[in-house]
Structures are given as C-alpha cells and as structure tokens.
Amino acid sequence: MKKLLLPLLFAACTAAQAAAPVKVDGAWARVAVKGQDSSGAYMTLTASEPLTLLGAESPAAGIVEIHEMKMEGDVMKMRAAGELPLAPGKPLKLAPGGFHFMLMDLKTPFTAGGHINITLRFKDAKGKIETLPVTVPVSVSKPS
Ligand SMILES: [Cu+2]
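For the sequence shown, the residue numbers in the numbering used here are 36 to 179.
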C-alpha cells in the first residue's frame with residue numbers, strides 16, 4: 036500500500052498542472068510599427084485529443100480575438116471567428132489570409148527579434164478548460 040501512494044500522488048499532481056495537449060508549430064506575430072494598434076499572431080495547432088480553441092489572452096494586448104480572413108467577391112474581409120474545433124492529429128493552421136489571432140489595444144512594442152507571450156485557452160470534450168502558454172517570436176514575415 037505504501038509503495039503505491041507516492042506514484043499516485045505524483046500522478047495527481049502532474050494531472051492538475053497538465054497543459055492542454057496541443058503541439059504548437061511555427062508560431063510568429065507580425066511586427067507592429069509605432070502607432071499601430073493591432074497585429075496578428077499565427078501558428079499551427081495540433082491537438083492529441085478533441086478540443087475546442089476558445090480564445091487567447093496576452094499581456095501584450097488588451098484584446099485577443101480569433102479572426103478569419105475570407106474573400107467575398109473581390110474583397111478580402113476579416114471577421115471574428117469565435118471558437119474553433121480541433122480534431123485529434125489534424126493540424127489547425129492559423130496563417131495570414133485565413134484564421135489568426137488578432138491582437139488589439141497593443142500594450143508592448145511588437146519589435147522584430149522580440150517576442151510576446153500568448154496563453155491559449157481550450158475546452159476539452161468534458162467541458163474542462165485547459166490553457167497553454169506560448170512564446171511567440173515577432174517578425175516581419177513568416178520565419179523560415
Ligand atoms: Cu484580424
């Protein structure tokens with residue numbers, strides 16, 4: 036009995052602290068010039084279980100929204116996308132011209148070579164909220 040207790044306690048602790056089971060690839064945020072009040076952040080998210088991306092927060096911006104860019108006739112339009120479902124193993128791309136995180140009311144300079152922190156918020160199949168902090172490098176265009 037005694038032998039079992041420690042591993043169990045350890046498992047309970049790690050489970051409570053577990054971040055959302057999501058792999059983040061190629062994250063970057065666009066440089067914002069002085070006076071510019073908004074910018075975009077992009078990344079590819081791959082979940083290992085069914086999740087819903089609810090949104091994100093960042094100390095670098097007063098407001099973070101999930102947006103979508105879409106061609107309507109000849110015009111590229113941007114709108115709030117709300118929540119996005121993530122199917123296990125299926126990458127969700129947030130990239131220029133499509134889904135992206137819109138950061139508004141910028142609090143810090145988005146300088147090339149710098150970085151910002153974004154905390155992603157997800158809901159699992161049982162409705163439990165899980166978060167994932169991401170360090171996002173700032174650059175003029177997608178880093179290769
Ligand atoms: Cu946008």
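Cβ coordinates follow ideal geometry from the N, Cα and C atoms, glycine included.
Inside the stretch 79 to 120, DSSP marks whole beta strand (DSSP E) runs of 3 or more residues at positions 86 to 92, 96 to 107, 110 to 115, from first to last along the chain. The bridge partners DSSP lists for V171 are I151. For G61, the enclosing beta strand (DSSP E) covers residues 57 to 65. Sequence-distant partners of G133 (beyond 5 residues in either direction) whose C-beta falls short of 7 Å from its own C-beta, in its chain, are E103, M104. Note on geometry: alpha-carbon atoms of V59 and R114 lie some 23 Å from one another. Burial state of S176 is exposed, judged by a 10 Å Cβ sphere holding fewer than 16 other Cβ atoms. Counting along the chain, the unbroken beta strand (DSSP E) around K128 starts and ends at 127 to 129.
With fewer than 16 other Cβ atoms from the protein chains shown falling within 10 Å of its own Cβ, G124 counts as exposed.
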